[in-house]
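Quick note, the sequences are listed as chains U and L, same order.
So the first sequence is numbered by the numbering used here: it starts at 24 and just counts up by one.
So the second sequence is numbered by the numbering used here: it starts at 62 and just counts up by one.
Beta carbons are placed, not taken as given, at the ideal position from N, Cα and C, and that holds for glycine.
Worksheet for the structure shown next.
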Amino acid sequence: MNLVTALLALQLLAPPSWAADPLPPEVQAVLDHADEQGLPLGPLEAKAQEGLAKGVPPVRIAGALEQLEASMLATMTALGDRLSTVDPAAHLAAGGAALSGGSSDAALRALADQAPEHLVLATRTYADLLAHGFTEPQALGLVNGATRGPDPGLYLSGLSTSAASLVASGMSPTQAIIELGENPAAGRGKSNGPPEHSNAGGNGNGNAYGLDK
Amino acid sequence: MPLDYGDHLITHRAPDGLVPVGTAPSSVPAHAPRWRGPLALAAAFLLGIGVGQQRQAPAPATPASAPQVLAQATLPMGTTDDPVPVRLVLYAPDASEVAVAGSFNGWDAGDVRLERTEDGLFHAVIHLPHGRHEYMFVLDGQRWVTDPTAALAVDDGFGNRNAILEI
């Protein structure tokens, strides 16, 4: 009985099979390099795990990890002390996705200033919007509006899904913004409606969001 | 078993022609018509009340599904650590086995298998914590498939796209 219990305990304590196997050397090399750079390894390890599970060749996994590492490093540089202290790994990953989607460093900083209490969610939503064809000012405006609503967490969580659904239905990002109530004339003055958004698309001067260009 | 779609139907035509159906929460502000459609659609994913089942359309060429969150509509988002039940459905008539792998289970294709019900329809209810989850379906242990009806998907870095579930 004791032996059975001990074996069961050992089985439960054993790491998952993927973790027991050594990583392919090219993959491990990227992780080691990222570690030397001071990056949190969570997002990179998760991506490596995903690639291995999907049967992706190690060289290709290493390539994807190098891109992720580079984007996380760029985010770290861009954000400086604006980086989340609560979940820096998730913030770096989300910021990296945004930069890979075409965001500027200044926009990432502006976003961090706009939504200090929802850094990761806001940045991830912003990256999603960029990935679905919204321009930087449009995405910033939408996220900014959501963070100023009555329940930023809820609105941010639903924003990228709603926007992506509209785009998938055939709308242009501009049309989607109008549908979402982003039109300044439609979104203002409601106390219990959707969150008010700033004038996504800019007000003509190209710097409607306080970007420190 | 009769399907109950509730009073408010949300239809979202997927690229492959399948029409998944969810139920809109009655709490969508009536005075915000511009937000109603997208909000309701988002809410079907985020809050999804007593969601029924998927209405089957003419057989699509590719597998299709509709992730549905089965939490209570009145549940304040982000205020509980309780896992949220999520129904995953995939129409894959040519598959003999379907699993779901994602960020929630270490991308383990052997962790959650969907149950085949009728006419090539596979489904499973999984319990996920609040947050963002990426996933793909795995057909017959080999073929990784993006959920064709997921509203949101992201490049996985390996040439595919991961579907996103925000709950």
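Assuming residue i contacts residue j (C-beta within less than 8 Å), just tell me the rounded distance between them.
{"i": "U:Thr100", "j": "U:Leu131", "result": "Not a contact, Cβ separation roughly 10 Å."}
{"i": "U:Pro243", "j": "U:Ala112", "result": "Residue numbering for chain U in the displayed model covers 24 to 236; residue 243 of chain U lies beyond these limits and cannot be assessed."}
{"i": "L:Ala162", "j": "U:Ala76", "result": "6 Å"}
{"i": "L:Gly218", "j": "U:Lys70", "result": "6 Å"}
{"i": "U:Thr146", "j": "U:Leu165", "result": "Contact flag wrong, Cβ pair sits at about 13 Å."}
Please list the partners that residue i has in chain L, where partner means a Cβ-to-Cβ separation under 8 Å.
{"i": "U:Leu142", "result": "Those do not exist, as U:Leu142 stays about 14 Å from chain L at its closest Cβ, beyond 8 Å."}
{"i": "U:Val79", "result": "Phe219"}
{"i": "U:Gly74", "result": "Gly218, Phe219"}
{"i": "U:Ala69", "result": "Ser164"}
{"i": "U:Arg147", "result": "Arg193"}
Would you identify the three-state DSSP class for residue i, choosing helix, strand or coil?
{"i": "L:Asn166", "result": "coil"}
{"i": "U:Arg147", "result": "helix"}
{"i": "L:Leu102", "result": "Any reading at L:Leu102 must be qualified, since the residue scores a pLDDT of 36, below 50, and its modelled position is unreliable; no value is offered."}
{"i": "L:Pro146", "result": "strand"}
{"i": "U:Asp104", "result": "helix"}
{"i": "L:Leu213", "result": "coil"}
{"i": "L:Asn223", "result": "strand"}
{"i": "L:Glu158", "result": "coil"}
{"i": "U:Glu89", "result": "helix"}
{"i": "L:Arg177", "result": "strand"}
{"i": "U:Leu64", "result": "coil"}
{"i": "L:Leu151", "result": "strand"}
{"i": "L:Gly218", "result": "coil"}
{"i": "U:Gly125", "result": "coil"}
{"i": "U:Val79", "result": "coil"}
{"i": "L:Ile228", "result": "coil"}
{"i": "U:Leu55", "result": "Per the sequence shown, the amino acid found at residue 55 of chain U is Asp instead of Leu. In the structure shown, U:Asp55 sits in a helix (DSSP, three-state: H, G or I)."}
{"i": "U:Leu115", "result": "helix"}
Starting from residue i and walking both ways along the alpha helix (DSSP H), at which residues does that stretch end?
{"i": "U:Ala199", "result": "196-202"}
{"i": "L:Arg255", "result": "Residue 255 of chain L lies beyond the residue range present for chain L, which begins at 62 and ends at 228; the question has no answer from this structure."}
{"i": "U:Arg132", "result": "128-137"}
{"i": "U:Thr170", "result": "159-170"}
{"i": "U:Gly176", "result": "175-191"}
Where do the ends of the beta strand (DSSP E) carrying residue i lie?
{"i": "L:Glu195", "result": "193-200"}
{"i": "L:Ala185", "result": "182-189"}
Whose Cβ in chain U lies nearer than 8 Å to the Cβ of residue i?
{"i": "L:Ala227", "result": "A small correction: the amino acid at residue 227 of chain L is Glu; Ala does not occupy that position in the sequence shown. In chain order: Ser180, Gly181, Ser183, Thr184."}
{"i": "L:Val215", "result": "Ala120, Asp151, Ala154"}
Anything in chain U within Cβ reach of residue i, meaning under 7 Å, just list it in chain order.
{"i": "L:Gly202", "result": "The premise fails here: L:Gly202 is roughly 10 Å from chain U at the closest Cβ pair, so nothing lies under 7 Å."}
Q: Taking a Cβ distance cut-off of 8 Å, strictly less, list which residues of the region 148-181 of chain L are near chain U, in chain order.
A: Hits within the stretch, in order: Ala162, Ser164, Gly167, Trp168, Asp169, Ala170.
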